[in-house]
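Participant: Dropping the structure in here first, questions after.
Protein chains in written order, with our numbering: chain A, 1 to 431; chain B, 1 to 143.
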């Protein structure tokens with residue numbers, strides 16, 4: 001697998017008609033059998049689950065593994081000398097190794113388990129930002145950032161007296177990198193924060209370029225990979241970033257656990273984020289010292305079984321194949337954009353299929369997304385309606401909200417067809 | 001009756017498509033705006049007062065059919081009533097008027113306009129804020 005890692009910008013199999021035979025594939029229909037949720041009918045209809053960007057469904061294998069872990073291997077980690085505690089620690093640390101392998105980090109010392117992507121990004125904003133940002137410094141985010149990689153930086157910048165800037169997008173939802181020069185002229189750029197894949201538009205952002213620019217400015221590059229890690233191969237070395245965050249629940253694992261990868265030299269120099277048990281080396285009345293990486297950043301009892309489930313989910317998606325998942329979603333996205341283009345009363349947002357991941361945001365003329373989603377639900381089609389935690393982006397698009405359909409390894413073209421059929425009902429009902 | 005007809009009653013769709021009291025009043029004695037962070041519904045409402053009584057009301061907004069229709073229906077319920085009475089108006093009174101089954105998420109859409117009304121009265125007359133709006137004024141503004 002290591003040899004076949006490619007970065008998002010240079011991915012070959014997404015384009016070019018002549019390489020079809022070499023394309024990795026997956027059988028979504030077969031994979032659906034791994035998910036109990038698809039066995040049930042809702043309102044007498046099978047579930048067309050088109051909200052995987054929000055959270056994915058869970059395969060039996062992950063659920064079974066968590067149950068087995070609780071029944072046969074559970075104790076607190078890093079404490080007991082008894083066998084059960086050792087088994088629990090092995091399970092927990094085994095999951096850390098799987099996360100390391102997924103992102104091609106050089107050491108498990110660089111993998112911190114967190115509660116979520118959001119907590120991982122807050123960790124960087126607080127633990128790095130409070131010690132390294134001050135007046136004259138700039139934090140740079142983007143106009144299509146999820147609030148979790150936007151608001152923590154906005155807050156910490158304000159507290160530290162640093163400036164806060166954003167990279168604008170063009171009308172198709174892609175970053176306008178020609179704005180960088182002006183931003184750099186306005187202060188010392190210390191942080192660049194960007195999502196690798198936009199959760200609202202599916203835009204695949206040029207993180208490698210931004211990381212190179214950030215380093216030219218003497219800044220760190222912080223990547224929100226919540227929408228990338230589940231869907232495409234990741235390599236932190238190739239991306240050239242300094243921190244990268246993602247969560248388990250978006251890649252078939254349980255909620256309540258996420259991961260932060262950070263360069264060890266940065267993590268070593270940082271103050272802790274949460275304080276308490278586990279993260280200390282020694283505590284005395286007058287002086288406390290911190291534990292080694294990554295435990296310095298893991299205060300308190302972690303989400304142990306969830307971390308184990310996270311690891312099993314990584315096994316699952318790795319076996320399906322991240323190249324295959326990426327290719328599958330690309331085909332679905334192209335198909336969905338084509339089918340939605342048949343509806344003149346539907347407006348879609350975002351870049352063309354070849355430059356986006358499996359996310360399609362749209363609006364039905366004259367109908368609010370909430371009402372769209374409500375009618376679709378009655379048809380057994382689950383989509384997300386709202387601002388998707390990207391209010392600055394919604395403002396830029398000039399809309400209050402959008403309806404979003406998002407795909408995963410279990411999505412089939414019929415789900416998209418049912419979405420389109422449902423939209424005809426929406427149109428008819430509200431006209 | 002289909003699911004659609006249960007939720008989107010004729011009267012709801014009528015208020016949604018032809019909102020009453022539409023447009024903000026100028027001059028005005030009270031004003032507030034509010035958003036439903038779940039789905040991006042927005043309501044702005046202005047009022048004129050005759051002493052302690054609501055003389056007129058106007059609103060603008062964008063959002064789902066439930067939020068906009070409920071606000072439109074609310075405006076028809078408040079003229080001539082006192083500020084104190086409206087500040088204490090239970091949401092059930094509005095929900096009875098709306099008369100449709102609402103899930104917890106859609107309930108938030110339905111009572112957005114009522115919350116905005118109470119915030120406007122609070123700002124103009126110092127009446128109590130509804131609990132769910134208290135503490136929301138600590139803002140982060142980046143200059």
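Cβ coordinates follow ideal geometry from the N, Cα and C atoms, glycine included.
Over what stretch of residues does the alpha helix (DSSP H) that includes residue 124 (chain A) continue unbroken?
Facilitator: From DSSP, the alpha helix (DSSP H) with residue 124 (chain A) extends over 117 to 127.
Participant: Per DSSP, what kind of secondary structure is residue 111 (chain A) in: helix, strand or coil?
Facilitator: It is a strand residue.
Participant: Restricting to Cα atoms, I'd like to know which of A:192, A:321, A:241, A:356 is closest to residue 333 (chain A).
Facilitator: Closest option to residue 333 (chain A), Cα to Cα, is A:356.
Participant: Along the chain, which unbroken stretches of the beta strand (DSSP E) at least 3 residues long are found entirely within the segment 337 to 407 of chain A?
Facilitator: Those beta strand (DSSP E) runs which fall completely within the segment 337 to 407 of chain A and span 3+ residues are 346 to 349, 359 to 364, 384 to 386, 402 to 406.
Participant: At a CB-CB cut-off below 7 Å, which residues of chain B make contact with residue 160 (chain A)?
Facilitator: Residues of chain B passing the Cβ test: none, with the nearest at roughly 12 Å.
Participant: Could you tell me which residues DSSP puts in a beta bridge with residue 32 (chain B)?
Facilitator: Its beta-bridge partners are B:45.
Participant: Going by DSSP in three states, residue 20 (chain A) sits in which element: helix, strand or coil?
Facilitator: Reliability of the predicted coordinates at residue 20 (chain A) is poor, the pLDDT of 47 falling under 50, and the value obtained from them is presented with this limitation in mind. Three-state DSSP puts residue 20 (chain A) in a helix.
Participant: Could you name the residues of the segment 1 to 20 of chain B whose beta carbon sits closer than 9 Å to any beta carbon of chain A, in the order they occur along the chain?
Facilitator: Listed by position, the residues of the segment 1 to 20 of chain B near chain A (Cβ gap below 9 Å) are 2, 3, 4, 7, 8, 13, 16, 17.
Participant: Smallest Cα separation from residue 435 (chain A): which of A:366, A:350, A:354, A:413?
Facilitator: Since the first residue of chain A shown is 1 and the last is 431, residue 435 (chain A) is not available in this structure.
Participant: Taking a cut of 7 Å between CB atoms, which residues from the segment 49 to 75 of chain B lie near chain A?
Facilitator: Residues passing the 7 Å Cβ filter: 62, 63, 64, 65.
Participant: Comparing alpha-carbon positions, which option in A:210, A:253, A:321 lies nearest residue 311 (chain A)?
Facilitator: Among A:210, A:253, A:321, the Cα nearest to that of residue 311 (chain A) is on A:253.
Participant: So what does DSSP say about residue 7 (chain A), is it helix, strand or coil?
Facilitator: Here residue 7 (chain A) scores only 36 on pLDDT, less than 50, and its place in the model is too uncertain to base an answer on.
Participant: Rounding to the nearest angstrom, what Cα-Cα distance links residue 287 (chain A) and residue 272 (chain A) in this structure?
Facilitator: Straight-line Cα distance between these residues: approximately 15 Å.
Participant: Between which two residues does the alpha helix (DSSP H) carrying residue 133 (chain B) extend?
Facilitator: Careful: residue 133 (chain B) lies outside any alpha helix (DSSP H) and carries neither H nor E.
Participant: By the 10 Å Cβ neighbour count, where 16 or more other Cβ atoms means buried, how is residue 98 (chain A) classified, buried or exposed?
Facilitator: Residue 98 (chain A) should be labelled buried.
Participant: Would you report the Cα separation of residue 348 (chain A) and residue 431 (chain A), rounded to the nearest angstrom?
Facilitator: Residue 348 (chain A) and residue 431 (chain A): Cα-Cα distance of roughly 20 Å.
Participant: How many whole angstroms separate the CB atoms of residue 402 (chain A) and residue 200 (chain A), which I take to be in contact at a CB cut-off of 8 Å?
Facilitator: Contact flag correct, Cβ pair sits at about 7 Å.
Participant: Residues of chain B with CB under 8 Å from residue 51 (chain A), in chain order?
Facilitator: Within chain B, no residue comes near residue 51 (chain A); the closest Cβ sits about 14 Å away, beyond 8 Å.
Participant: Could you tell me whether the Cβ of residue 18 (chain A) comes closer than 8 Å to any Cβ of chain B?
Facilitator: At residue 18 (chain A) the pLDDT is 41, less than 50, meaning the model places this residue with poor confidence; the figure from the coordinates comes in the next sentence. Closer than 8 Å: no.
Participant: Step through the CB atoms of chain A and report whether any lies within less than 8 Å of the CB of residue 24 (chain B).
Facilitator: For residue 24 (chain B), the answer is no, since every Cβ of chain A falls outside 8 Å of its Cβ.
Participant: For the segment 323 to 337 of chain A, which residues have a CB atom closer than 9 Å to at least one CB atom of chain B, in sequence order?
Facilitator: Cβ contacts with chain B: none found.
Participant: Give the secondary structure of residue 197 (chain A) by DSSP, where H, G and I count as helix, E and B as strand, and everything else as coil.
Facilitator: Here residue 197 (chain A) sits in strand by DSSP.
Participant: Label residue 283 (chain A) either buried or exposed according to how many other C-beta atoms from any shown protein chain fall within 10 Å of its C-beta, with 16 as the threshold for buried.
Facilitator: Exposed is the call here.
Participant: Return the chain-ordered list of same chain residues with a C-beta closer than 8 Å to the C-beta of residue 89 (chain A), the five sequence neighbours on each side being excluded.
Facilitator: Result list for residue 89 (chain A): 77, 78, in chain order.
Participant: Please state if the CB of residue 321 (chain A) and the CB of residue 46 (chain A) are separated by a distance shorter than 8 Å.
Facilitator: The answer is no: Cβ separation not under 8 Å.
Participant: Which chain B residues sit within Cβ distance under 7 Å of residue 386 (chain A)?
Facilitator: Neighbours of residue 386 (chain A) on chain B, chain order: 38, 39, 40.
Participant: Going by DSSP in three states, residue 90 (chain B) sits in which element: helix, strand or coil?
Facilitator: Coil, per DSSP.
Participant: When you compare only the Cα positions, how much space is there between residue 132 (chain A) and residue 408 (chain A)?
Facilitator: Spanning the two alpha carbons is a distance of roughly 39 Å.
Participant: Can at least three beta-carbon pairs, one atom from the segment 239 to 255 of chain A and one from the segment 222 to 230 of chain A, be found at a separation below 8 Å?
Facilitator: Counting Cβ pairs under 8 Å, three or more are found: they touch.
Participant: Could you spell out the range, first to last residue, of the alpha helix (DSSP H) harbouring residue 66 (chain B)?
Facilitator: From DSSP, the alpha helix (DSSP H) with residue 66 (chain B) extends over 65 to 75.
Participant: Are there 16 or more other CB atoms within 10 angstroms of the CB of residue 126 (chain A), so buried, or fewer, so exposed?
Facilitator: Burial call: buried.
Participant: Since residue 29 (chain B) contacts residue 48 (chain B) with CB under 8 Å, what's their CB separation in whole angstroms?
Facilitator: Confirmed, about 5 Å.
Participant: For chain B, check one thing: does any of its Cβ atoms lie closer than 8 Å to the Cβ of residue 401 (chain A)?
Facilitator: Closer than 8 Å to some Cβ of chain B, the Cβ of residue 401 (chain A) qualifies, so yes.
Participant: The ligand HEM and residue 312 (chain A): does any heavy atom of the ligand fall closer than 7 Å to the residue's C-beta?
Facilitator: Absent from the structure shown: the ligand HEM. Ligands present: none.
Participant: For chain B, is any of its Cβ atoms less than 8 Å away from the one on residue 153 (chain A)?
Facilitator: No, no contact with chain B.
Participant: Does the beta carbon of residue 378 (chain A) come closer than 8 Å to any beta carbon on chain B?
Facilitator: For residue 378 (chain A), the answer is yes, since a Cβ of chain B falls inside 8 Å of its Cβ.
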